[in-house]
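In terms of this note's numbering, the sequence shown opens at residue 61 and continues consecutively.
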Amino acid sequence: MDRASQLAREYGIAVRFSDFGAWSEGELRAEYDPAVPEIRINRRVADSLSAAERERFIQYAIGHELYHHREQIGEIPALERRSERESAADRYAESLLKPEPRILDNGEVCWKYIDVEEALHRFAAERQIILGFDVVEFVNGKVRIWGTSDHNLEIESKSSLQDVKRIQHLTGLEPPYDDLWFIFVT
Ligand SMILES: [Zn+2]
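And the structure:
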C-alpha cells in the first residue's frame, strides 16, 4: 500500500471517489470532510487519466487532504494564510510520494517502516541481494540497533518484508513500527 493511503488508514480516514459534477472538472482534486472524517477524490479527474497518472493523482490528492486533516486535529498548526496552507499541503503530498531514507553518521542508510516495501522493490530492481537487516530505534537522540544476525531469521529478498514485519519477537514492540528504521545489508 502506498504511504498516503496507509497514513489515511492509520488516521482513521475513509477515502472514496465522488462525482463533483462537470463544473469542477480539472479544478478540484479532492476534498476533506472533517465531519466523517473522509477524503473524497474527484472521480471525473481520476478517470480521465492513464493508469500511472491516476495512481499518482490519487496518492497526491490523499496526501494533500491528509495535511488538512492534521491541521484539523491540531497535529500541526494551521498557517495564517490560505495560500500558505495550500502550498504546505502540496509539499506534504509531494514528500509522501518519495521515500526518504535517513543517513546515519557512519553513512548507513535507514528506511522508515512505511518505506520498507518500496526500498525492497528498489533493491530487487537493482538486482541486489539482501543479506540481512538491522532494526534501528532513535531514543532521546541516541541510536539503538537491534541486530538480526543472531536470530536465524530467513533473510532472502523474497521473504525480507515478512521478516521485517515479524520483528516483534526481536524488539517486543507491536506493529506498525513507526518509530523504527531499517538498515538493509545488500
Ligand atoms: Zn487544500
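By construction, the Cβ of each residue, glycine as well, lies at the ideal position given by its N, Cα and C atoms.
Glu178 versus Gln132: straight-line alpha-carbon distance, rounded: 29 Å
Near ligand 1: His128 beta-carbon under 7 Å from a heavy atom: yes
Residue environment, Val169, which counts as buried when at least 16 other CB atoms sit within 10 Å: exposed
Cβ-heavy atom distance, Glu131 to ligand 1, below 7 Å: no
Heavy atom of ligand 1 within 7 Å of Ala149 beta-carbon: yes
Candidates Gln228, Val96, Val195, of which the one nearest Val245 by Cα: Val195
Where the beta strand (DSSP E) through Phe198 begins and ends: 192-199
Stretch-stretch touch, CB-based, cutoff 8 Å, three pairs: the stretch 124-143 with the stretch 86-100: yes
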